[in-house]
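Residue numbers (this note's numbering): 182 to 276.
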DNA sequence: CCGCTGACTGCGG
DNA sequence: ACCGCAGCCAGCG
């Protein structure tokens with residue numbers, strides 16, 4: 182695992198403002214890496230100190246083992262779900 | 001080296 | 001809306 186990309190990904194996630202979200206693919210693109218899965222892996226390893234709940238799938242859905250917790254955290258900062266789906270066009274962070 | 005797995009994605013049927 | 005599939009990177013057996 183490349184230490185630099187790891188730090189890069191982490192800093193991008195850390196910079197997402199409250200009430201906004203990014204997809205794994207968005208972060209991969211910004212970080213200049215080819216695989217969104219790598220972003221997911223990095224998040225899975227250790228994201229406790231990051232606003233990890235602001236990262237979700239490109240279509241606005243969330244992996245099921247995180248779904249209820251994540252939707253709750255998002256709701257607390259004004260990101261409302263239409264059922265199990267977040268409207269990305271509305272909440273995606275432009276930077 | 002091979003195959004499988006996952007906080008993923010876009011395209012096609 | 002629901003599949004499946006190819007591409008993707010890294011770790012594990």
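The beta carbon of each residue, even a glycine, is placed where N, CA and C say it ideally should be.
Burial state of residue 209 (16 or more Cβ within 10 Å): Answer is buried; the Cβ neighbour count reaches 16.
Residue 260 vs residue 206 beta-carbon contact at 8 Å: No. Outside cutoff.
Exposure of residue 270, with buried meaning 16 or more beta-carbon neighbours within 10 Å: Flag for residue 270 reads exposed.
Alpha carbon of residue 286 to alpha carbon of residue 233, nearest angstrom: Since the displayed the chain opens at 182 and closes at 276, residue 286 lies outside it and no answer follows.
Beta carbon of residue 274 nearer than 8 Å to that of residue 203: When the beta-carbon positions are compared, residue 274 and residue 203 come within less than 8 Å of each other.
Every unbroken alpha helix (DSSP H) within the segment 199-250, with a cutoff of 4 residues, ordered by chain: For secondary structure counted as the alpha helix (DSSP H) over 4 or more consecutive residues, the segment 199-250 holds these complete runs in sequence order: 205-212 and 217-226.
Nearest-angstrom Cα separation, counted from residue 196 out to residue 215: As the crow flies, the alpha-carbon of residue 215 is around 21 Å from that of residue 196.
Contacts around residue 235, its chain only, beta-carbon distance under 6 Å, and the 5 residues preceding and following it disregarded: Excluding sequence positions up to five before and after residue 235, its CB lies within less than 6 Å of the CB of 197 and 202, all in the same chain and listed in chain order.
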